[in-house]
Ligand code: FAQ
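Residue numbers (the UniProt record's numbering): 13 to 323.
Following this line, the structure appears as structure tokens:
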């Protein structure tokens with residue numbers, strides 16, 4: 013026995029139609045979207061840090077210009093996503109407060125250090141690669157503003173992925189030291205990149221409901237498998253080894269058998285005890301404090317503008 017509005021919501025989901033901000037939606041649907049979209053937005057904002065670490069040290073003017081543009085794109089993605097979350101009734105200030113207070117989640121991947129230039133290649137190839145694999149299906153998410161934001165974000169991510177691939181390709185065509193630097197970096201980023209897809213399916217509390225609501229279209233493990241399938245031929249082109257001794261083609265399943273990431277490490281990072289968690293949070297808090305004068309100036313300007321138009 014359900015209400016007419018709930019029936020209409022269920023029908024829209026069943027028809028693969030879209031839910032828009034003014035439509036009725038179950039409170040749990042709204043909450044889960046706010047959770048996922050805000051986490052995603054925070055990931056983009058915190059995700060600027062590992063690469064901005066290299067802007068001043070990029071090996072050429074061209075590389076520097078590309079890296080600056082990529083980090084700016086990430087800021088832009090964060091802003092589209094905060095706007096999408098705002099259509100669900102949560103305030104930007106509230107989301108920012110949660111990030112600053114350390115009570116919000118952001119992707120585990122951004123808590124790893126970037127000690128070498130090759131890490132810029134690995135982030136583009138593996139981290140943006142994983143992001144695309146996860147986000148292309150999100151373009152069809154049932155919530156309209158989220159799906160539409162994803163379309164634009166995915167276009168930019170595919171450029172990011174290619175620039176990372178190209179950094180690694182150039183290193184692999186370089187000196188033995190450069191090739192070694194690329195392989196060492198891929199060894200460090202491979203497993204954390206696989207963790208971006210979330211815990212294994214039998215340990216993923218949100219998956220079943222999010223799939224029934226057509227927010228998620230594929231399970232965490234399914235997307236992880238697809239990603240590895242996409243990487244194998246690209247690694248061959250690069251001449252890089254993927255650091256998984258159990259990675260083998262299974263003819264019968266027509267898919268790769270693969271090893272498992274270290275899930276204890278994943279839970280440690282989620283609990284705030286990863287390599288760079290404390291530093292990432294401190295940097296975000298400092299940036300927030302340093303930006304106070306900009307927010308004050310913008311608010312003062314907006315107040316004066318509205319006073320002028322009222323007159
Ligand atoms: N890190 O039940 P599930 C980028 C949490 S790409 C941290 O499976 P769900 C681009 C999860 O939130 C990165 N936490 O959850 C870029 C949940 O916790 P909660 C961002 C994780 O939501 C590239 C709990 O574990 N992309 O930024 C992680 O159904 C380069 C249980 O998990 C997105 O956010 C993790 N890896 O599935 C930027 C994509 N995995 O909330 C800069 C959108 C899981 O119950 C440079 N999000 N958790 O306390 C999604 O697709 C989903 O939210 C999943 C998780 C797949 C991440």
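We put the CB at the ideal spot given by N, CA and C, even for glycine.
So what does DSSP say about residue i, is it helix, strand or coil?
i           : result
residue 124 : coil
residue 256 : coil
residue 220 : helix
residue 262 : strand
residue 155 : strand
residue 14  : coil
residue 227 : coil
Is residue i near the ligand FAQ, judged by its Cβ being under 7 Å from some heavy atom?
i           : result
residue 234 : no
residue 56  : yes
residue 140 : yes
residue 59  : yes
residue 229 : no
residue 86  : yes
residue 200 : no
residue 75  : no
residue 47  : yes
residue 289 : no
Excluding the 5 residues preceding and the 5 following residue i in the sequence, name in chain order all residues of the same chain whose CB lies nearer than 8 Å to its CB.
i           : result
residue 237 : 267, 268 and 270
residue 241 : 267 and 268
residue 226 : 25, 28, 152, 153 and 154
residue 108 : 300
If you follow the beta strand (DSSP E) that residue i is part of, which residue opens it and which one closes it?
i           : result
residue 268 : 267 to 269
Go to residue i, then tell me how far its alpha helix (DSSP H) extends in each direction, as first and last residue.
i           : result
residue 203 : 188 to 207
residue 41  : 39 to 58
residue 321 : 304 to 322
residue 98  : 73 to 98
residue 134 : 130 to 134
residue 65  : Premise fails: residue 65 is in no alpha helix (DSSP H) and is neither H nor E.
residue 146 : 141 to 147
residue 236 : 232 to 250
residue 36  : Segment: none, residue 36 is in no alpha helix (DSSP H) and carries neither H nor E.
Taking 7 Å as the cut-off, does the CB of residue i come closer than this to any heavy atom belonging to the ligand HEM?
i          : result
residue 32 : Judged by which ligands are present, the ligand HEM is missing from the structure shown, whose ligands are the ligand FAQ.
Go through its chain and collect everything with a Cβ distance to residue i's Cβ below 7 Å, but skip five positions before and after it.
i           : result
residue 210 : 216 and 232
For residue i, I'd like the list of residues in its chain whose CB is within less than 6 Å of its CB, leaving aside the five on either flank, ordered along the chain.
i           : result
residue 228 : 222
Determine contact between the segment 30 to 49 and the segment 153 to 168, defined as no fewer than three beta-carbon pairs at a distance below 8 Å.
yes
Decide if the segment 130 to 137 is in contact with the segment 197 to 209; the criterion is three or more beta carbon pairs, one per stretch, under 8 Å apart.
yes
Is the segment 160 to 175 touching the segment 104 to 123 in the sense that three or more CB pairs, one from each, lie closer than 8 Å?
no
Do the segment 82 to 101 and the segment 41 to 53 meet, that is, are 3 or more Cβ pairs less than 8 Å apart?
yes
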